[in-house]
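**Student:** Encoded as structure tokens, here's the structure I'll be asking about.
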Amino acid sequence: MRAAIAAEQVHVDRLYAQLDDMRVHAAAALERAWRSGTVGTPGARAEREAFLRLYAERVRTLNGVEQRLCFGRLDLVAGEIRYIGRVGMSDEQRRELLVDWRAPAAAPFYQATAQQPEGVVRRRQIATESRRVTGVQDEVLDVAAFRAAGDTDAVVGEGALLASLEAVRGDRMRDIVATIQADQDRAIRAPLAGVLVVQGGPGTGKTAVALHRIAYLLYANRERVARSGVLLVGPNRVFLRYIDQVLPALGEADAVVTSTPGELFPGVVATAVEADPVVAIKGDLRMAAVLAEAVRRRQRTIDRGRPLDVNGTRIALRPHDVRRARDRARRTGAPHNVARRTFVLDLLGELVKALAAARGVDPDAESRESLRAELYESMDVRREVNLCWLPLTPQRLLRDLYARPERLGEAGGSLSRRERELLRRDRDAPWTPADVPLLDEAAELLGESELAGSADPGQAAEQQAEVEYARGVQETFGGSDFATAEELAARYAGRGPVGDVVDRAAADRTWAFGHVVVDEAQELSPMAWRLLMRRCPSRSFTIVGDVAQTGSAAGATAWRDVLTPHVEDRFRQVELTVNYRTPRQVMDLAAQVLEAAGSSVRAPSSAREGRHEPQFVRVPADATAELGAAVASAWRETGEGTLAVITAPAAHVAAAATIRAALPAGVVGSDSDSLGSPVSVLTVAAAKGLEFDTVVLVEPAAITGESARGLNDLYVALTRPTQRLIVLHAHDLPPGLAG
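Its first residue numbered 6, the sequence shown is counted upward by one per residue in the working numbering.
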């Protein structure tokens, strides 16, 4: 092995020397672009900005691939040796030094087998620490070719995959680029177009597949995907922080917007918790019809004439005119706030005639403008017009609906009386994640509100000049990086979003993403799927999840149910069936719980046998001292690894306080969202998608009792450990664990 390591070290040294040289050239190019200044023609300024983005992205990519730059090698039948790594590299003579793992030439590293070697004689895994080769392991796929070539030196070990599974976990997810398995690789390299569903049980690598797929799609379809960006939706901020190092390590992060379901409406961060029945109602597709009717009910008519005072002249607002203006506005098919402009202009036209008749003047073009200006300034006119058709924000529409029973009664004919009562809440109640799809639906129905007042003539002229300048930039460079000339003008004037695709896309509710990736997708409601489909009109999705782990009252029980309304049967589904995280002993327990829950989904099989049997410890009720002592003991035995204590939501705060008091300062995170400490205290919802060396599960009966899908939640909790599971319980164990 020493000779093999020494030989590989020579090539790895060459690769890192090349990487250092590439970094120097990229940094110098970025510096030259900065020094070029911002003066010159619109084309020159746009060209400079394009180069700044290009070189900055290149510098970030090269810095991100420092660790495990090269991790594999293929010896091919034709005698070629092909090294596989995080980024592609060539020397000055354009000879290939390293193949990007996403390139077609690297696919056999993940897909070749002894039955189908795909021209591969030997596959070698190369382990490195910093820039030093620490080990190699070989798989000979074509024995005859290996012997024919005179090779006898194959280094055999336990395998890179099993070594990575036994490694201690940290507070951040690691990429699996060196150990991607064939079934995972097929999902990663699936075509961009259409909807791909990756169904997989706990520990099957769904999240890793999703993240590596993002990196692959940005590599294989950069022009199509990067310019409009990728939206990555994760279940919570704990999860997003856990995975935030993976994409930079794969050389891709600049075109990815990350969000939780509660952050998908710009300007709102919804984290409040509400009861399962309320979540189920808000997630129901009937709410789309409720909101549409609520908007229509804000477009009112009058049943009798309303007197108006316009600078001392009295006229009347007639029911017939209001009704006709409303009908004409509705026929435009435009959203409420946009159609309001038609309503107002039509109604003011009738009022201009009435005002001219009352004053006995001829309504020619000049006098009409003067009379219209008076009507605009009349408080009576503005009040009555707004009462008939008020400009609305999504927030106001929804708050009015919740806080005023009569409005919900008018619009909610499809809801039962009990359901309407459950939706009732005060106007100042905080937003919940289930509100976000409703806010987005309301925004679609309302459209942008009209601008209030008119700009100063000088300011308007200046803004128009900026727009003309921006339009020249677009015409020069095709405008591919900018949504509109107006937006680009605002950006240069310091009034708009500054930055790349990520900045603009995150702030723009109407942005159309090139691809959307949803993790823990089984938790999303039908209304949330409506929102996401609007974010990607091309319907290019990667959906990863496990319907056996659904915990939300509005979540999915079958992928077909949530996708058919949007794409009918035009989606592909692949299934990952091997659990690489959870030891067999723990997974066997989890499978029993899944069966007790009545799920039709089959639990995945574990790839390895664990070294520890699950422990069940019976403790007295309200045994805070025992809880603290048990966690302290587990923490000492875990050593350098990570430990999570998972509790029912109602017990979470008290358990965190008890455990914090039992352990040294700094060992337990300061809040439930912290993963930077050796011990984390989490609810099941916060633990979704995460993994820990040791899990202490507190009172399973409380977890199953606090949710309509409690056994699903218990299944999730049981499958978080990579090494040890300890169950503390005062009450009898739930079905699946009993006995």
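We put the beta carbon where it would ideally sit given N, CA and C, even for glycine.
Please classify Glu467 as buried or exposed, where buried requires at least 16 neighbouring CB atoms within 10 angstroms.
**Tutor:** Caution is warranted here: a pLDDT of 43 is assigned to Glu467, below 50, making its placement in the model unreliable, and no coordinate value can be reported.
**Student:** Under 7 angstroms from any heavy atom of the ligand COA, does the C-beta of Leu201 make it?
**Tutor:** Among the components of this structure there are no ligands whatsoever, and the ligand COA is therefore not found.
**Student:** Within 8 angstroms, do at least three Cβ pairs link the region 638 to 657 to the region 201 to 212?
**Tutor:** no
**Student:** So, under 8 angstroms CB-CB, Leu403 and Leu451 are touching, yes? Tell me the CB distance rounded to an integer number of Å.
**Tutor:** Not really, about 11 angstroms apart at Cβ, beyond 8 angstroms.
**Student:** Would you mind sorting Glu268 into buried or exposed? The rule is 16 or more other CB atoms within 10 Å of its CB.
**Tutor:** It counts as buried.
**Student:** Kindly list the residues whose CB is nearer than 7 angstroms to the CB of Glu13, restricted to its own chain and excluding five residues on each side of it in sequence; keep chain order.
**Tutor:** Ile131, Val138, Val141
**Student:** Say whether the region 242 to 256 touches the region 211 to 220, bearing in mind that this needs 3 or more beta-carbon pairs closer than 8 angstroms, one atom from each stretch.
**Tutor:** yes
**Student:** Give the range of the beta strand (DSSP E) segment to which Arg128 is assigned.
**Tutor:** 125 to 134
**Student:** Thinking just about the alpha-carbon of each residue, which of Glu696, Phe697, Gly715, Thr699 is nearest to the one in Pro705?
**Tutor:** Gly715
**Student:** Sorted by chain position, which residues of the same chain lie with C-beta nearer than 8 angstroms to Asp357's C-beta, five sequence neighbours on each side aside?
**Tutor:** Looking at the sequence provided, one finds Val at residue 357 rather than Asp. Hits under 8 angstroms: Pro368, Arg373, Leu376, Arg377, Leu380.
**Student:** Have a look at Arg613 and Val591 and give me their C-alpha separation to the nearest angstrom.
**Tutor:** 11 angstroms
**Student:** With burial defined as no fewer than 16 other Cβ atoms inside 10 Å of the residue's Cβ, what is the status of Glu528: buried or exposed?
**Tutor:** buried
**Student:** Closer than 8 angstroms is the cut-off here; do at least three beta carbon pairs connect the region 230 to 247 with the region 602 to 612?
**Tutor:** no
**Student:** Between the C-alpha atoms of Arg577 and Arg623, what's the straight-line distance to the nearest angstrom?
**Tutor:** 46 angstroms
**Student:** So is Pro542 buried or exposed if we call it buried at 16+ other beta carbons inside 10 Å?
**Tutor:** Result: exposed.
**Student:** Nearest CA to the CA of Leu428: which residue from Asp281, Val549, Thr629?
**Tutor:** Asp281
**Student:** Please report the straight-line C-alpha distance between Leu687 and Ala666, rounded to a whole angstrom.
**Tutor:** 16 angstroms
**Student:** Contact defined as beta carbons within less than 8 angstroms: I believe Arg58 pairs with Phe270. What is the distance between those atoms, to the nearest angstrom?
**Tutor:** Arg58 to Phe270, Cβ: 28 angstroms. No contact.
**Student:** Could you tell me which whole alpha helix (DSSP H) segments of length 4 or greater appear in the region 524 to 592?
**Tutor:** Counting only runs of at least 4 residues, the region 524 to 592 fully encloses the following alpha helix (DSSP H) elements, listed from N- to C-terminal order: 531 to 540, 564 to 572.
**Student:** With H, G and I counted as helix, E and B as strand and the rest as coil, what does DSSP make of Glu446?
**Tutor:** It is helical.
**Student:** DSSP state of His736, grouped into three classes?
**Tutor:** coil
**Student:** Thinking C-beta only, is Glu355 closer than 8 angstroms to Asp326?
**Tutor:** yes
**Student:** Rounded C-beta distance between Ala192 and Val579? I'm assuming under 8 angstroms.
**Tutor:** 5 angstroms
**Student:** From Gly615 to Asp698, what does the alpha carbon distance come to, in whole angstroms?
**Tutor:** 12 angstroms
**Student:** Using only the alpha-carbon positions, how far apart do Ala339 and Ala195 sit?
**Tutor:** 38 angstroms
**Student:** Does the structure place the region 418 to 425 close enough to the region 278 to 292 that three or more beta carbon pairs sit under 8 angstroms?
**Tutor:** yes
**Student:** How would you label Gln554, buried or exposed, when you count the other beta carbons within 10 angstroms and need 16 or more for buried?
**Tutor:** buried
**Student:** Touch check for the region 521 to 539 and the region 294 to 304: three-plus C-beta pairs under 8 angstroms?
**Tutor:** no
**Student:** What does the Cβ neighbour count give for Glu97, buried or exposed, with the cut at 16 atoms within 10 Å?
**Tutor:** Using a 10 angstroms sphere on the CB of Glu97, the tally of other CB atoms stays under 16, which defines it as exposed.
**Student:** Between Val552 and Val606, how many whole angstroms is the CB-CB distance? I'm expecting something under 8 angstroms.
**Tutor:** Contact flag correct, Cβ pair sits at about 6 angstroms.
**Student:** Under a three-way DSSP split, which group does Gly354 fall into?
**Tutor:** helix
**Student:** Buried or exposed: which applies to Ala215, given that a residue is buried once 16 or more other Cβ atoms fall within 10 Å of its Cβ?
**Tutor:** buried
**Student:** List the DSSP bridge partners of Ala3.
**Tutor:** Look at the range of the chain in this structure, 6 to 744, and you will see that residue 3 is not part of it.
**Student:** Between the C-alpha atoms of Met384 and Leu245, what's the straight-line distance to the nearest angstrom?
**Tutor:** In a straight line, the C-alpha of Met384 is about 51 angstroms away from that of Leu245.
**Student:** Given a threshold of 16 other Cβ atoms within 10 Å of its Cβ, counted over all protein chains shown, does Glu696 qualify as buried or as exposed?
**Tutor:** Buried is the call here.
**Student:** With burial defined as no fewer than 16 other Cβ atoms inside 10 Å of the residue's Cβ, what is the status of Ala660: buried or exposed?
**Tutor:** buried
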